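Colleague: Here you go, one structure.
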Amino acid sequence: MLGDLSGAAESCGDVFINHQGCSGKLGSFLSDSNGRGVLVTENTDIKLWELIGRSVVLHDEDSQTRIACGVIGRSATLRSNTKKVCLCSGQTMWEEHAANPIG
């Protein structure tokens, strides 16, 4: 099932592979001592519309334990999504970013 977070990261399933056989693995990145990291990647073999509604899972590189997950979404226009996305703080993604900027 697409974007299934009913059992947290454990219910997300296997790595996405599109109809052309291209893997959805995004690569590796390191986080700082506060757990913050940035990943910028480009994949011309997977289309953005193939990923909307799917889950994304972060794994610990050493243990391969699933440590975080979320669902890839989109908004109609920039900053128009007012849905609450952070279950811990109840803030929208825009409020969360303003309070905790990356970089």
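Numbering of the sequence shown is given in this note's numbering, commencing with residue 1195 and proceeding in unit increments.
We put the CB at the ideal spot given by N, CA and C, even for glycine.
Owing to the predicted nature of the structure, the values given are computational and were not obtained by experimental measurement.
Quick one: Cα of residue 1247 to Cα of residue 1208, how far?
Modeller: One-based indexing of the sequence shown puts residue 1247 at position 53. One-based indexing of the sequence shown puts residue 1208 at position 14. Taking the straight line joining both Cα atoms gives about 15 Å.
Colleague: Considering only their Cβ atoms, is the gap separating residue 1221 from residue 1233 smaller than 8 Å?
Modeller: Here residue 1233 refers to the residue found at position 39 of the sequence shown. Here residue 1221 refers to the residue found at position 27 of the sequence shown. The answer is yes: Cβ separation under 8 Å.
Colleague: Just to confirm, is the Cβ distance from residue 1250 to residue 1260 under 8 Å?
Modeller: For the purposes of this step, residue 1250 is identified with residue 56 of the sequence shown, where counting begins at 1. For the purposes of this step, residue 1260 is identified with residue 66 of the sequence shown, where counting begins at 1. No; because the gap between Cβ atoms is not below 8 Å, this pair is not in contact.
Colleague: Bridge partners for residue 1249 per DSSP, in chain order?
Modeller: The sequence position of residue 1249 within the sequence shown is 55, counting from 1. In DSSP, residue 1249 forms a bridge with 1265.
Colleague: By the DSSP assignment, the beta strand (DSSP E) with residue 1217 in it spans what residues?
Modeller: Within the sequence shown, residue 1217 is the residue found at index 23, counting from 1. Counting along the chain, residue 1217 falls outside any beta strand (DSSP E), and DSSP gives it neither H nor E.
Colleague: State the beta-bridge partners of residue 1202 as determined by DSSP.
Modeller: The residue you call residue 1202 lines up with position 8 of the sequence shown. Answer by DSSP bridge pairing, in chain order: 1200.
Colleague: Sort out for me which residues DSSP pairs residue 1260 with in a bridge.
Modeller: Walking along the sequence shown from the start, residue 1260 turns up at place 66. According to DSSP, which records beta bridges pairwise, residue 1260 is partnered with 1253.
Colleague: Looking only at its chain, what residues have a beta carbon closer than 7 Å to the beta carbon of residue 1254, apart from the 5 residues adjacent to it on each side?
Modeller: Along the sequence shown, one-based indexing puts residue 1254 at 60. Hits under 7 Å: 1261.
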